[in-house]
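These notes are about the structure you will find just below.
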Amino acid sequence: MVKTFIVGFDGTDACQRALDFAVSCAKHQSAAVHLVHVLEWSPYKFMSSEEMRERHERKKHEVASAEKFIEPIVEKLRNAGVDITSEVQYGNTTEILCGIAKEKLDSQIFVGRKGSSKLSKLLVGSVGMSLIQSSPVPVTLVP
Amino acid sequence: MYSFFKRFLGAMALLGLSTQSYAESGGLDEAISRIFEPIANPIVNVIFYSVPIGGVQFPLIVGWLVICGLVATIFFRFIQFRGFKHAIDLVRGRYSKPGDAGEVSHFQALTTALSGTVGLGNIAGVAVAVSIGGAGATFWMILAGLLGMASKFTECILGQKYRNELPGGKVSGGPMYYLERGLREERNMGGLGKVFAVIFAICCIGGALGGGNMFQANQAYSQIVNVTGGDESFWVGKGWLFGLLMAIVVGSVIIGGIKSIGRVTEKLIPTMAGLYFIAGMIIIVVNIDMVGWAFGEIFRGAFTGEGVVGGVLGALIQGFRRAAFSNEAGIGSAAIAHSAARTSEPVSEGFVALLEPFIDTVVICTMTALVIIISGALLTDLTGVELTSAAYATVLPWFPIVLAVAVVLFALSTMFAWSYYGLKSWTYLVGEGKAKENAYNFVFCLFIIIGASMSLGPVIDFSDSMLFAMAIPNIIGIYLLLPVVKRELNKYWAKIESGEIQKVK
Amino acid sequence: MMRYCLSLLLIIVMLIGTACDSMRPEPIESALSHLTTEELEAKADRMIQRLEYSSGEVGVNLGRVGMRMDLRTLQSALEQLGYFEGPRLGILDPVTVDAIDRYLEYHKKTN
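Protein chains in written order, with this note's numbering: chain R, 53 to 195; chain F, 170 to 674; chain W, 340 to 450.
Okay, structure coming up:
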């Protein structure tokens with residue numbers, strides 16, 4: 053029995069489809085949905101001194117606008133009777149999703165997949181691919 | 170803002186036009202030197218007040234810098250060795266809490282600070298040290314780098330502890346603030362602190378114009394002349410023109426507000442530093458059998474001074490000077506840079522900063538020196554960036570061209586970094602305001618032209634004296650505030666032992 | 340990361356371009372070696388003047404690196420002219436003083 057459906061969400065159509073699918077699954081199994089919005093971030097990326105000085109302000113700004121962006125979506129679903137929570141995190145999407153899945157027992161990860169499969173995606177590896185390889189829980193790729 | 174930029178370009182163009190009249194009388198470069206040298210000479214002679222010791226003239230200011238490193242090293246009981254592993258752990262993110270994501274990481278703080286200090290000091294400065302001091306200067310340079318780790322540790326903790334957060338979230342920090350607030354709060358010497366802070370700010374503006382500007386422009390120009398044909402180059406005698414171009418680039422960023430140029434330049438620095446380092450390592454590796462001999466030369470030179478009376482002290486002076494110039498420990502500039510990073514623990518920033526003199530001086534400067542010694546270029550009468558370039562070219566003939574690109578970028582990024590330090594000091598003195606800031610920025614650009622026009626000797630003297638002058642108030646402040654740092658350090662260790670600060674990985 | 344790999348690749352390619360036996364440092368010529376005697380003497384004279392040298396003493400502050408660089412240039416010029424031998428460290432030791440004096444002495448005679 054799955055208790056939590058973790059959805060990686062960045063606002064694209066693919067993610068919207070994943071969210072819709074997760075919501076419908078959750079309704080059937082009366083489980084909760086956890087929406088995760090990841091802001092890509094690496095502590096090892098080189099930063100110019102200007103960016104370094106503005107970093108703290110920018111972080112506050114980014115988090116605020118990200119919350120503002122997912123808040124209406126969460127609110128709409130909550131009003132429709134879905135048990136939904138959300139969080140905004142900095143870091144690598146795959147690592148963050150896996151980290152959350154490790155903490156929440158009996159969860160499942162839902163992510164969207166873009167229609168096209170470009171060569172660059174093959175080389176770099178998409179979030180879906182790396183999740184499949186490293187996730188501690190089942191992963192559902194929604195096309 | 171834009172109109173100021175236009176005016177700036179106009180003034181530069183005017184300067185360019187007025188060269189025609191000078192063209193007949195030995196060139197604009199010489200004219201600029203003739204005007205500037207008599208102004209600079211008295212200042213240089215005061216800062217480099219020297220006493221004759223053992224057959225050479227020993228500048229007291231060099232001793233001042235070294236003693237600071239020595240005192241900090243002993244006071245913190247060799248923190249640079251005891252805390253080295255902890256510093257590495259911090260940079261590797263082993264103490265980063267998940268909530269820190271999105272903020273400047275220790276790794277980023279280190280690399281950004283390094284990109285401000287690694288540059289011509291490591292490339293051209295080292296060449297000056299070994300050409301005048303002999304191979305032995307390298308030994309003293311390494312020693313000064315190791316001592317500098319402790320002084321940088323101290324000043325960066327102070328910079329973090331006494332930084333000012335402005336309502337907009339921007340942060341101002343650096344010696345001006347710890348001298349003023351630290352001495353008032355800890356020592357009840359508010360008046361004295363304020364005086365020191367003002368002196369430091371004035372010296373820092375000088376340092377920005379000298380070390381962070383003229384030396385950079387001068388050596389970048391020198392390398393451009395070098396790769397475009399040496400004595401037959403188009404650029405010979407046209408230092409002012411090169412300076413003018415550099416000034417326009419720098420001016421368009423700091424006055425014109427075209428931040429993207431600055432950002433692109435800074436982002437290229439790690440690549441350039443990587444290229445320089447890899448090329449150096451290749452030369453050392455293919456001549457690995459000569460490394461033992463080279464170290465032998467370094468030790469022999471350090472303690473025999475090539476058999477010249479006063480040779481040991483001569484090597485020591487040059488090694489210490491160039492190390493201080495390169496890693497800026499005790500100068501106070503690093504405290505300004507590091508205070509911008511946000512961290513809950515001021516001490517952890519100190520540990521990160523402690524790695525800078527190590528990477529900058531002990532690793533990169535030593536590598537440059539080894540390449541120069543191995544190549545045999547020391548036997549020529551070259552100096553400065555030309556010597557380094559010639560040394561690399563003995564093995565990698567194409568390298569001077571790469572170096573020319575790297576040197577221009579290093580020069581630009583150091584100028585950007587220092588224009589900020591100088592600006593912070595300027596606004597500390599006169600207050601914020603667009604017109605005031607641009608007045609400073611304009612002078613900053615003017616000094617690029619002066620620096621490129623003059624020859625290396627007077628430029629390096631002026632740069633050094635301006636930079637080292639900053640150390641006078643800064644080091645007095647460090648001495649007076651050492652107990653504060655000790656207290657912070659003890660608290661920090663206690664937190665680690667009690668598990669309040671935990672390793673996460 | 341990609342950039343580092345690329346720059347590494349670039350260097351390796353360039354290394355292959357450079358033949359392996361030329362990896363040993365080649366001797367380089369001194370910058371002053373192509374100057375004529377007159378030019379070398381002019382250089383030496385200018386440096387002596389800049390250093391304000393007279394009878395074993397210099398007038399300038401040799402604690403300044405720029406001045407030591409000038410003295411080093413003088414030593415190089417004197418070496419090329421055959422008056423000075425030894426490490427050029429920009430230090431005014433008896434050997435250097437002797438070389439400068441011999442040079443000045445010879446100069447007085449010829450002029």
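We put the CB at the ideal spot given by N, CA and C, even for glycine.
*Measuring CB to CB, does MET584 of chain F end up less than 8 Å from ASN382 of chain F?*
Contact: yes.
*Pull up the distance between the alpha-carbon of ARG445 of chain W and that of ALA438 of chain W, whole angstroms please.*
Before going further, note that residue 445 of chain W is Tyr rather than Arg in the sequence given. One C-alpha to the other measures close to 11 Å.
*Reducing DSSP to helix, strand and coil, say where VAL60 of chain R ends up.*
Sequence inspection shows Gly at residue 60 of chain R; the Val mentioned does not correspond to that position. If DSSP states are grouped into helix, strand and coil, GLY60 of chain R belongs with the strands.
*Cut-off 6 Å between Cβ atoms - residues of its own chain near ALA586 of chain F, not counting five sequence neighbours on either side*: The beta carbon of ALA586 of chain F sits closer than 6 Å to those of GLY285, all from its chain and outside the five residues before and after it, given in chain order.
*With a threshold of 16 other CB atoms inside 10 Å of the CB of PHE247 of chain F, please say whether the residue is buried or exposed.*
Counting Cβ neighbours within 10 Å, PHE247 of chain F comes out exposed, since fewer than 16 surround it.
*Could you tell me which residues DSSP pairs with VAL137 of chain R in its beta bridges?*
Note that residue 137 of chain R is Thr in the sequence shown, not Val. Looking at the DSSP output, THR137 of chain R bridges to R:HIS86.
*Step through the CB atoms of chain B and report whether any lies within less than 8 Å of the CB of PRO439 of chain F.*
The question asks about chain B, but that chain is absent: this structure's protein chains are R, F and W.
_Assuming PRO566 of chain F is part of the beta strand (DSSP E), what are its boundary residues?_
Element bounds for PRO566 of chain F: n/a, residue is neither H nor E.
*asked:* In this structure, how does DSSP classify GLU334 of chain F when only helix, strand and coil are distinguished?
replied: Correct three-state label for GLU334 of chain F: strand.
*With a cut-off of 8 Å on the beta carbons, I'd call VAL273 of chain F and MET181 of chain R a contact; round off their distance for me.*
Cβ-Cβ separation between VAL273 of chain F and MET181 of chain R: approximately 30 Å, too far for a contact (criterion under 8 Å).
*Near VAL126 of chain R, which residues of its chain fall below 7 Å by C-beta distance, leaving aside the five closest residues on each side in sequence?*
Taken in chain order, the residues that qualify are LEU87, ILE136 and SER138.
*Who are the near neighbours of SER402 of chain F in its chain, counting only those whose CB is closer than 6 Å to its CB and skipping five residues on each side?*
Excluding positions up to five away in sequence, the list reads VAL394.
*Could one say the Cβ of LEU417 of chain W lies closer than 8 Å to chain F's Cβ atoms, at least one of them?*
Not a single CB atom of chain F sits nearer than 8 Å to the CB of LEU417 of chain W.
*What residues of chain F sit near LEU149 of chain R, judged by a beta carbon separation below 9 Å?*
Using a Cβ-Cβ cut-off of 9 Å, LEU149 of chain R is close to nothing in chain F; its nearest Cβ partner there is about 14 Å away.
*Any residues in the stretch 358–391 of chain F with a beta carbon nearer than 9 Å to a beta carbon of chain W? Which ones, in chain order?*
Per Cβ criterion, the list is empty.
*asked:* What does the alpha-carbon distance come out to for the pair GLN385 of chain F and LEU289 of chain F?
replied: Per the coordinates, the alpha-carbon of GLN385 of chain F lies some 6 Å from the alpha-carbon of LEU289 of chain F.
*Name the DSSP bridge partner or partners of LEU193 of chain R?*
The partner list for LEU193 of chain R (beta bridge, DSSP) reads R:VAL163.
*Determine the direct distance from the alpha carbon of ALA389 of chain F to that of GLY501 of chain F, and round the result to whole angstroms.*
Their Cα atoms are separated by approximately 25 Å.
*Between GLY60 of chain R and chain F, is there a C-beta pair that is closer than 8 Å?*
Answer no: the Cβ-Cβ gap between GLY60 of chain R and chain F never drops below 8 Å.
_Alpha carbons only, please: which of F:ASN643, F:LEU658 and F:VAL673 is nearest the one belonging to GLY351 of chain F?_
It is F:ASN643 whose Cα lies nearest to the Cα of GLY351 of chain F.
_Three-state secondary structure assigned by DSSP to GLY425 of chain W_ = The answer is coil: DSSP assigns GLY425 of chain W none of H, G, I, E or B.
*asked:* So that I know if they touch, is there some Cβ in chain R lying closer than 8 Å to that of ALA313 of chain F?
replied: Proximity of ALA313 of chain F to chain R, defined by a Cβ-Cβ separation below 8 Å, is not satisfied.
*Of all the options F:MET358, F:VAL571 and F:THR280, which has the alpha carbon lying nearest to the alpha carbon of SER346 of chain W?*
Nearest option by C-alpha distance: F:VAL571.
*For the stretch 550–564 of chain F, which residues have a beta carbon sitting closer than 7 Å to at least one beta carbon of chain W?*
Hits within the stretch, in order: ASP550, LEU551, THR552, ALA559, THR563 and VAL564.
*Considering SER415 of chain W, what are the terminal residues of the alpha helix (DSSP H) in which it resides?*
Looking at the DSSP string, the run of the alpha helix (DSSP H) that includes SER415 of chain W is 404–420.
_For PHE227 of chain F, three-class secondary structure by DSSP_ = Secondary structure at PHE227 of chain F: strand, using DSSP grouped into helix, strand and coil.
_List, in chain order, every chain R residue whose beta-carbon is nearer than 9 Å to that of TYR589 of chain F._
Contact annotation for TYR589 of chain F against chain R: SER101, GLU102 and ARG105 [CB-CB distance below 9 Å, chain order].
*Which stretch, first to last residue, makes up the beta strand (DSSP E) that contains ILE222 of chain F?*
Segment 219–222, the beta strand (DSSP E) holding ILE222 of chain F.
*Counting contacts by CB-CB distance shorter than 8 Å, is ALA448 of chain F in contact with chain W?*
A Cβ of chain W is located within less than 8 Å of the beta carbon of ALA448 of chain F.
_According to DSSP, simplified to helix, strand and coil, what is LEU174 of chain R?_
The predicted model places LEU174 of chain R with a pLDDT of 49, which falls under 50 and marks its position as unreliable, so this point remains unresolved.
*In whole angstroms, what separates the C-alpha of ALA241 of chain F from that of MET104 of chain R?*
Taking the straight line joining both Cα atoms gives about 28 Å.
_Neighbourhood of VAL436 of chain W by C-beta distance below 8 Å, restricted to the same chain and skipping five residues each side_ = Cβ neighbours of VAL436 of chain W beyond the five flanking positions: GLY395.
*Buried or exposed: THR64 of chain R, going by 16 or more other Cβ atoms within 10 Å of its Cβ?*
By the 10 Å Cβ count, THR64 of chain R comes out exposed.
_Residues within the stretch 62–83 of chain R neighbouring chain F, beta-carbon criterion of under 9 Å_ = Result list empty, no residue passes.
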